[in-house]
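Here is the structure we will look at, set down as structure tokens.
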């Protein structure tokens, strides 16, 4: 007996699924890697023009999965919490389209601020990245989660000038080869391309074989041309410029900017090298719906052919539920070399 797809929608603590079952045309969840906000879209049949239009800012919880049968327990998982930010009324045929973004991307994170981050005192100490993340998370009612890779990062002073908290953290993350993103009540600052749960543990790799996949499309593109990266900093004691190298071999890429100290130069060189090593080849896979498939997770393909088999990283997981069934589309890139 095959599995029967199922969905559930909770609107501000009220289960509205029974109201949607007969009207649902399509439910789409897009889970994105990095700082890009996760989104949802619900398309409903409005043939009698009697659907109640949700208010702007309403919070929805969306679940996807499968009903129980003789051989399997019910498996319906929460896909996320979202805030309604757009409603389209379309016709003919008369349709209501409701869209929204992840609930964690609140307005406060997008408000520009100007402030200086440094330890107070006559002789200011270096300010740890952890202190910055803790402060911003607290201001927005989020729980900070800093990856172990970045626990030792600190700064003499960091200026946030007419910059949103999200853009500010994104700038710090980019320089460190990380991502900064609000998700499920947490404010994450973790290594890019290495998906981690909020507990800091790596997510297990998702293994797929040819038989599990409906269709696939791979575009093969060369990786970055540089084998190593040089960053420079000013050694004030020796009054000279010093080079820090990440990687080895040629060709060599040199960052034009001069950094304040060896730690900053090393951090920038490593982040730039990882960006060059990050895959440019892309994969697109369609397969039957699975709510456990999420962005940032490592993906391992086997049983296909050379060029398709191997390790990838999921950039976007798009879940689509209709009356015809439940499917998921994975878009990914080749994993960075170690």
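In the working numbering, the protein residues as written are 454 to 791.
Don't be surprised by glycine CBs; every beta carbon is placed ideally from N, CA and C.
Predicted model, so just to flag it, every value in this text is computed and none were measured.
Spell out a yes or no on whether the segment 723-730 and the segment 758-773 are touching, meaning 3 or more CB-CB pairs, one atom from each, closer than 8 Å. no
Can you check which of these residues, 583, 556 and 713, is closest to residue 692 by C-alpha distance? Along the chain shown, read from residue 1 onward, the residue named residue 692 stands at position 239. The shortest C-alpha separation from residue 692 is found at 713.
Residue 667 vs residue 739 beta-carbon contact at 7 Å: The residue given as residue 667 occupies position 214 in the chain shown. The residue given as residue 739 occupies position 286 in the chain shown. In contact: residue 667 and residue 739 (Cβ atoms closer than 7 Å).
Exposure of residue 671, with buried meaning 16 or more beta-carbon neighbours within 10 Å: Position 218 of the chain shown holds residue 671. Result: buried.
Indicate whether the contact test is met: 3 or more Cβ pairs, each with one atom in the segment 775-787 and one in the segment 679-692, closer than 8 Å. no
Spatially closest choice to residue 506 from 464, 517, 549 and 617, by CA coordinates: The residue given as residue 506 occupies position 53 in the chain shown. When only C-alpha atoms are compared, the closest one is 549.
So, under 8 Å CB-CB, residue 478 and residue 775 are touching, yes? Tell me the CB distance rounded to an integer number of Å. Sequence index remark: in the chain shown, residue 478 carries index 25 (1-based). Sequence index remark: in the chain shown, residue 775 carries index 322 (1-based). So it is a contact: roughly 7 Å between Cβ atoms.
When you compare the CB positions of residue 595 and residue 640, do they come within less than 7 Å of one another, or not? Taking the first residue of the chain shown as 1, we reach residue 595 at position 142. Taking the first residue of the chain shown as 1, we reach residue 640 at position 187. Yes, the pair counts as a contact, with Cβ atoms nearer than the cut-off.
Limits of the unbroken alpha helix (DSSP H) element including residue 585: Position 132 of the chain shown, counted from the first residue, corresponds to residue 585. Looking at the DSSP string, the run of the alpha helix (DSSP H) that includes residue 585 is 582-592.
Measure the alpha-carbon distance for residue 516 versus residue 533 and round it to whole angstroms. Position 63 of the chain shown, counted from the first residue, corresponds to residue 516. Position 80 of the chain shown, counted from the first residue, corresponds to residue 533. So the two alpha carbons sit approximately 8 Å from each other.
Cβ shell of residue 502 (< 8 Å), same chain only, five flanking positions each side left out: Here residue 502 refers to the residue found at position 49 of the chain shown. Within the same chain, residue 502 has close Cβ partners 547.
Taking only three categories from DSSP, how would you classify residue 759? Within the chain shown, the letter at position 306 stands for residue 759. Three-state DSSP puts residue 759 in coil, outside helix and strand.
Using the beta-carbon count (16 or more within 10 Å), is residue 615 buried or exposed? Taking the first residue of the chain shown as position 1, residue 615 is located at position 162. Exposed is the call here.
What is the DSSP secondary structure of residue 534, counted as helix, strand or coil? For this step, residue 534 is matched to residue 81 along the chain shown. Residue 534 falls in the strand class under three-state DSSP.
So the candidates are 474, 492 and 472; which of them puts its Cα closest to the Cα of residue 481? In the chain shown, counting from the first residue as 1, residue 481 sits at position 28. Per the Cα distances, 492.
Return the chain-ordered list of same chain residues with a C-beta closer than 6 Å to the C-beta of residue 570, the five sequence neighbours on each side being excluded. As a working mapping, residue 570 is identified with position 117 in the chain shown. For residue 570, where only same-chain residues beyond five positions count, the Cβ hits under 6 Å are 580, 585 and 611.
Only counting the same chain, and skipping five residues up and downstream in sequence, which positions put a Cβ closer than 7 Å to that of residue 700? Counting from 1 along the chain shown, the entry for residue 700 is found at position 247. 680, 681, 682 and 726.
Segments of 4+ residues assigned as alpha helix (DSSP H) that fall wholly inside the segment 644-731: 715-730
Nearest to residue 562 (by Cα), restricted to the options 536, 632 and 590: Stepping through the chain shown from its first residue, residue 562 is reached at position 109. That would be 590, whose Cα lies nearest to the Cα of residue 562.
Reference residue 551; option with closest CA among 494, 622, 470 and 769: The residue given as residue 551 occupies position 98 in the chain shown. Answer by Cα proximity: 494.
Any Cβ of chain D within less than 7 Å of the Cβ of residue 705? Among the protein chains of the structure shown there is no chain D, as only one such chain exists.
Which of helix, strand or coil DSSP assigns to residue 548: Taking the first residue of the chain shown as 1, we reach residue 548 at position 95. Note: residue 548 maps to strand in three-state DSSP.
Residues in the same chain with beta-carbon distance under 8 Å from residue 476, minus the five sequence neighbours each way, listed in chain order, please. Within the chain shown, the letter at position 23 stands for residue 476. Excluding sequence neighbours, residue 476 sits near 497, 498, 499 and 504.
Report back the beta-carbon spacing between residue 753 and residue 605 to the nearest angstrom; my notes put them in contact at under 8 Å. For the purposes of this step, residue 753 is taken as the residue at position 300 of the chain shown. For the purposes of this step, residue 605 is taken as the residue at position 152 of the chain shown. No, residue 753 and residue 605 are not in contact; Cβ-Cβ is about 31 Å, not under 8 Å.
Looking at residue 871: is its Cβ nearer than 7 Å to the Cβ of residue 553? Past the boundaries of the shown model lies residue 871; the chain is included only from 454 to 791, so the question cannot be answered.
CB of residue 684 within 7 Å of CB of residue 715, strictly: To locate residue 684, count along the chain shown from 1; it is residue 231. To locate residue 715, count along the chain shown from 1; it is residue 262. Contact: no.
In this structure, how does DSSP classify residue 568 when only helix, strand and coil are distinguished? Position 115 of the chain shown, counted from the start, is the residue given in the question as residue 568. Reduced to three states, the DSSP call for residue 568 is strand.
Neighbourhood of residue 414 by C-beta distance below 7 Å, restricted to the same chain and skipping five residues each side: Residue coverage of the chain in this structure runs from 454 to 791, which leaves residue 414 outside it and unanswerable.
Apart from the five residues on each side of it in sequence, which residues of its chain come closer than 7 Å, Cβ to Cβ, to residue 777? Translated into positions along the chain shown, residue 777 becomes position 324. Excluding residues within five positions, none has a Cβ falling inside 7 Å.
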